[in-house]
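Since the structure comes first, as structure tokens, the remarks are kept for the end.
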């Protein structure tokens, strides 16, 4: 058999994967490995992205006094683009090609910067790192009666917490964001709440750092004649919406943060000041070294820090951080684990799972909080103890 380049890449990827798995299996931490249709099991390093021109959610841009909708649509199986002026009250829609679903929504009248602290509701469902996986998001939300079959909020006055990294890697990022946008408004009307926290991938896309952007979005942007940098700019609806979001919140006595809080993070800042500072950093241009060392968005910031998930801190360090913020627990994503798990004597819960593989197998898992108790819950509403 002729040993060609494809065979070499596949064999190399498998060897690397085995090595990575062996190094991390004892800790329960799993490195992401992505499969794309053309070449089987491949790593981020050497994959061929076969995604292409395909339907997407609308991109809403404010141009002078006009509101313009740009969208790649599917009409009787034919994919085309549309550019049209709209009004604030017009009904918009997303067609999700991955699931053949359609949901409708309207633009919010006002976008307000979020508070950083909230009272504890009766129930919370929390999930992180969906990464454009609309199918998985739909499974966990419908399976736990957060939304109905028409994607309407039915979780009452309870809270949904989304702990960052809904961008990149997947092919339905825009649709995921619009669904969250829609549910945020609907939940608010009945006393519930959707918390969308910024992760490092939200930051990267807002700053135009597109290392993990799939080819679909490049092709769609070219076809729409709208550079991808405009999709989440300050002149776009989703860009404006994302710039109101926090990176760390406290609900009751529980801290939610995408990556974790470093023991050396400056203690003089309140939660609101941390969030304000991260939002300001979104539109400041840094060189690479400046960004890496920045306390709010750098490599050991709440958006990027892996030291807690990798258990590089002591119990005292974590307890001291929680004490400073008057919190009992910290919920994190960012660093993938084999199952939702406790760390640091049950003071930390890591909820970042391999959602893509799980949803492909017909299962999803999230964190469920009720009556002061913490569970892993699947897409059928079955609760399991966390260890």
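Numbering (my numbering), first residue to last: 32 to 418.
From the three backbone atoms N, C-alpha and C, an ideal C-beta is built for every residue, glycine too.
Quick caveat: nothing in here was measured; it's all calculated off a predicted structure.
#1: Could you give the uninterrupted runs of the alpha helix (DSSP H) lying entirely in the region 223-260, keeping only those of 4 residues or more?
#2: Quick check on residue 321: does DSSP put it in helix, strand or coil?
#3: When you compare each of 367, 397, 352 and 385 to residue 375 by their alpha carbons, which one comes out closest?
#4: If we count the other Cβ atoms within 10 Å of its Cβ and call it buried at 16 or more, is residue 150 buried or exposed?
#5: Which term fits residue 89, buried or exposed, when burial requires 16 or more other beta carbons within 10 angstroms of its beta carbon?
#6: Could you name the residues that DSSP lists as bridge partners for residue 374?
#7: What's the gap between the Cα of residue 163 and the Cα of residue 242?
#8: Just the Cα atoms here: how many angstroms apart are residue 309 and residue 328?
#9: Tell me, please, whether the region 264-274 touches the region 92-100 by the rule of three or more beta-carbon pairs shorter than 8 Å.
#10: Which residues in the same chain have their Cβ closer than 7 Å to the Cβ of residue 127, if we skip the five residues on either side of it in sequence?
#11: Thinking just about the alpha-carbon of each residue, which of 301, 388 and 371 is nearest to the one in residue 354?
#12: Under the three-state reduction of DSSP, which class applies to residue 285: helix, strand or coil?
#13: For a test of the three-state rule: what should DSSP assign to residue 361, helix, strand or coil?
#14: Under 8 Å by Cβ, that's how I've got residue 364 and residue 230 pegged, so tell me the actual separation to the nearest angstrom.
#15: To the nearest angstrom, report how far apart residue 197 and residue 208 are at their CA atoms.
#16: Do you know offhand how far residue 416's Cα is from residue 397's?
If we stick to the structure as given:
#1: 231-237 and 246-255
#2: helix
#3: 352
#4: exposed
#5: buried
#6: 379
#7: 15 Å
#8: 7 Å
#9: yes
#10: 165, 203 and 206
#11: 301
#12: strand
#13: strand
#14: 7 Å
#15: 8 Å
#16: 12 Å
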